[in-house]
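Protein chains in written order, with my numbering: chain H, 1 to 119; chain Y, 120 to 238; chain F, 239 to 357; chain D, 358 to 476. Below is one structure, written out as C-alpha cells; the observations come after it.
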C-alpha cells in the first residue's frame, strides 16, 4: 500500500477482528439458561484481552436459548441469533464501536460509532 | 454390533466425548491471568450441560498462562498444557471419571475411575 | 482406580474423544454446497491425526446445508444436523467404531462396533 | 453514529471480521504435514462464503508444523505462528486486502491494500 491505513481505518479493522474472533471461538458452545451468565462473562473477558480492545458486552438471549434447546437434553448450542454484542476498540485517539444484532436469523455485525478524540 | 455396548463402555465413550468437546471448543481462546477464572467457570458449566455429565472441574495454570503470554500484548491462547481437568459422567449406575494432564507438553486424557453402583 | 481400564474401555473412551473433537472444532464453520467437500476432507484428515485413530468418514448433507442457508448470503454454519460421521479407532487389538446421526435435530453419537482381534 | 461509515471503513471492518473468523474457527485443529493441504483448502473455501469476501489464501508452514509436532503422536495443533494468510474483500467499489504474518511469535494482522475503484 502506498500509504499506511489511517487510524480510523485501523480501528474499523480491529473491531472487525474482535467480532469474528468472538463469534467463531464460541459458536457451538453448549449453553442453557443456567449457564448463559458464565459464558457471557468468559466471552467478554477473553476478547477484552486482544490488542486495542477497550470493552466487550455480551448478552445471550435466554428466551432464544430456551426455544433452541433440545427437549430431551435441555440445552442448545450457541448461535448468532442468541447473541447481542457490543465491542469497543481504540487505536490512538480513534474510538470505534461495533454491534452484532440478529436480523432475520442472520447475525449482522456493523459499525455503530466512530469518533476521533481531541485528546 | 451384535450386542449393544455395556453401560460401562457407554460411560467410557461419554466421558471421552466430553473431553474432546471441552478441549476443541475452547482451545485457542484468548486468556490472561486476569480472565482465567471466568473461562474456567464457563468451560465447566457449558460442558456440564451435555448428556450424562455430572461434574466438570477445570483449572487453568496461571503460571503457564503467564509464561505463554506474548510480551507486548499480555495474553496467550488457551492450549492443553495450561489445563488440568476432571470430568465425571454417569450412565445408569455406572460412574466414569477421566482426567486431562499435560505430559511432556502433550495433553494426555485418561480414565481414572470406573465404578458400578449398588443402587 | 484400583485396576487400569481395559483396552475395550480405552477404545470406547478414545472414540468418544475423537467425536467431541470433530464436532466442537468444526461446528460453526461457514459452509455452502460448494465448499462442503473441502470441509469434509479437512475434518476427516485432521481428526485422523489423533492418537489411535484409524479412519474418519465425514459426510455433510447438501440438502440440509441448502435448507439452513441464509437467503441473502447463501451459506450456513455447520451444525450436527448436517453431519453424518463414522470414526474408527484401535487400542491394541481392540477396534471401536462410533457414528453420529441426527435424531430429531439432536446429533446422537453412539458406539456401533466393538471387536477384539485374534491377531 | 451521526453518519454512516464510509465504504472504505466498512471494507476495513469486513476484512477484520474474516481474519478473526478464520483464526478462531480453526486454531487448535490437529494438523500434520500430511493433512495441511486439506486444511488450507477448507479454511480458504469456508471463509470465502462470508459476505463481501472475494478471495482467501491460506498457507500453512510445513516446517513450523513439523517443529511443533509432538514426537510421539506426530501432529500439532494449528496456531497463528504456522499461518500465512491473505484475505480480500470488496464493499461496493472498495477493495481491501489484509494479511496475517507471525512477528516474533505473535500473529499480526494488518491491512495491506485499500483501493477505491473507478468502475
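In this text, a Cβ means the ideal position worked out from N, Cα and C, and glycines have one as well. Since we're looking at a predicted model, the values are computed, not measured.
Would you call the CB atoms of residue i and residue j closer than 9 Å?
i: residue 421 of chain D; j: residue 438 of chain D; result: yes
i: residue 37 of chain H; j: residue 153 of chain Y; result: no
i: residue 268 of chain F; j: residue 407 of chain D; result: yes
i: residue 224 of chain Y; j: residue 427 of chain D; result: yes
i: residue 241 of chain F; j: residue 293 of chain F; result: no
Under 9 Å, Cβ to Cβ, is there at least one residue of chain A near residue i?
i: residue 435 of chain D; result: Considering every chain present, this structure includes no chain A. Its protein chains are H, Y, F and D.
Name the chain Y residues that come within less than 8 Å of residue i, Cβ to Cβ?
i: residue 341 of chain F; result: What residue 341 of chain F touches in chain Y: nothing, since even the nearest Cβ is about 12 Å away.
i: residue 75 of chain H; result: 168 and 169
i: residue 259 of chain F; result: 139, 140, 142 and 143
i: residue 35 of chain H; result: 161, 164, 165, 167 and 168
i: residue 252 of chain F; result: 135
For residue i, return the contacting residues in chain D, with the cut-off set at a CB-CB distance below 8 Å.
i: residue 269 of chain F; result: 403 and 406
i: residue 42 of chain H; result: Those do not exist, as residue 42 of chain H stays about 14 Å from chain D at its closest Cβ, beyond 8 Å.
i: residue 203 of chain Y; result: Within chain D, no residue comes near residue 203 of chain Y; the closest Cβ sits about 18 Å away, beyond 8 Å.
Is residue i helix, strand or coil when you go by DSSP?
i: residue 223 of chain Y; result: coil
i: residue 372 of chain D; result: helix
i: residue 241 of chain F; result: coil
i: residue 332 of chain F; result: strand
i: residue 38 of chain H; result: helix
i: residue 435 of chain D; result: coil
i: residue 165 of chain Y; result: helix
i: residue 89 of chain H; result: strand
i: residue 416 of chain D; result: strand
i: residue 33 of chain H; result: coil
i: residue 428 of chain D; result: coil
Taking C-beta pairs closer than 7 Å, name the residues in chain Y that residue i reaches, listed in chain order.
i: residue 385 of chain D; result: 143, 146 and 147
i: residue 302 of chain F; result: Within chain Y, no residue comes near residue 302 of chain F; the closest Cβ sits about 21 Å away, beyond 7 Å.
Residue i versus chain H: which residues are under 7 Å apart at the beta carbon?
i: residue 466 of chain D; result: 17
Rounded C-beta distance between residue i and residue j? I'm assuming under 8 Å.
i: residue 131 of chain Y; j: residue 291 of chain F; result: Not quite, the Cβ-Cβ distance comes to about 16 Å (not below 8 Å), so this is no contact.
i: residue 435 of chain D; j: residue 384 of chain D; result: 6 Å
i: residue 166 of chain Y; j: residue 140 of chain Y; result: 6 Å
So which residues of chain F does residue i contact, with C-beta pairs closer than 7 Å?
i: residue 177 of chain Y; result: The contacting residues do not exist; residue 177 of chain Y stays about 15 Å from chain F at best.
Show which residues of chain H have a CB atom less than 8 Å away from the CB atom of residue i.
i: residue 158 of chain Y; result: 42, 45 and 46
i: residue 319 of chain F; result: In chain order: nothing, as chain H lies at least about 10 Å away.
i: residue 410 of chain D; result: By Cβ distance, chain H contributes nothing, its closest Cβ being about 11 Å from residue 410 of chain D, past 8 Å.
Starting from the beta carbon of residue i, find every residue of chain F whose beta carbon is closer than 8 Å, and list them in chain order.
i: residue 127 of chain Y; result: 247
Starting from the beta carbon of residue i, find every residue of chain F whose beta carbon is closer than 9 Å, and list them in chain order.
i: residue 207 of chain Y; result: The premise fails here: residue 207 of chain Y is roughly 13 Å from chain F at the closest Cβ pair, so nothing lies under 9 Å.
Which residues in chain H sit within 9 Å of residue i, going by Cβ to Cβ distance?
i: residue 308 of chain F; result: 104, 105 and 106
Exercise. Count the CB pairs spanning the region 223 to 238 of chain Y and the region 319 to 332 of chain F that are closer than 8 Å, and state whether there are at least three.
Key: no
Quiz item: Between the region 429 to 437 of chain D and the region 158 to 169 of chain Y, do at least 3 Cβ pairs fall closer than 8 Å?
Solution: no
Quiz prompt | Cβ pair count under 8 Å reaching 3, the region 127 to 137 of chain Y against the region 226 to 234 of chain Y | solution = yes
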